[in-house]
Amino acid sequence: MANHKSALKRIRRNEAVRLRNRYQHKTTRNAIKKLRSETDKKKANALLPSVISMIDKLAKRNIIHDNKAANLKSKLTKSVAAL
1 MANHKSALKR
11 IRRNEAVRLR
21 NRYQHKTTRN
31 AIKKLRSETD
41 KKKANALLPS
51 VISMIDKLAK
61 RNIIHDNKAA
71 NLKSKLTKSV
81 AAL
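For the sequence shown, the numbering used here begins at 1 and goes up steadily by one.
Dropping the structure here:
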């Protein structure tokens, strides 16, 4: 068990941050799945910028790697363009 007040606070904060990261990551994954399953080009084009923004935010906060973000954005853009 932690011996210092600051260590106890850090444990609480780490858990809060972990839960927030999990929520944001899962929300983004669901948005990606929704975009991939979209068959209407107009709807997909409308959805793409928001999904790309979500991916960029995850990369900025180091929840996912920058290269993974770039690969996801590239693949999603190609799939929407192919509709």
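Glycine residues also receive a C-beta, built at the ideal position from the N, C-alpha and C atoms. No experiment lies behind these values; they were computed from the predicted model shown.
By the neighbour-count criterion, in which 16 or more other beta carbons inside 10 Å mark a residue as buried, residue 76 falls on the buried side. Rounded to whole angstroms, residue 41 and residue 51 show a C-alpha spacing of 15 Å.
Annotated three-state conformation of residue 62 is coil, per DSSP. Annotation for residue 19: the continuous alpha helix (DSSP H) segment containing it runs 5 to 37. Residue 62 has its alpha-carbon roughly 10 Å from the corresponding atom of residue 21. Annotated as proximal: residue 72 and residue 55, with beta-carbon spacing under 8 Å. With a cutoff of 8 Å on beta-carbon distance, residue 31 and residue 83 are scored as not near each other. The three-state secondary structure of residue 47, taken from DSSP, is helix.
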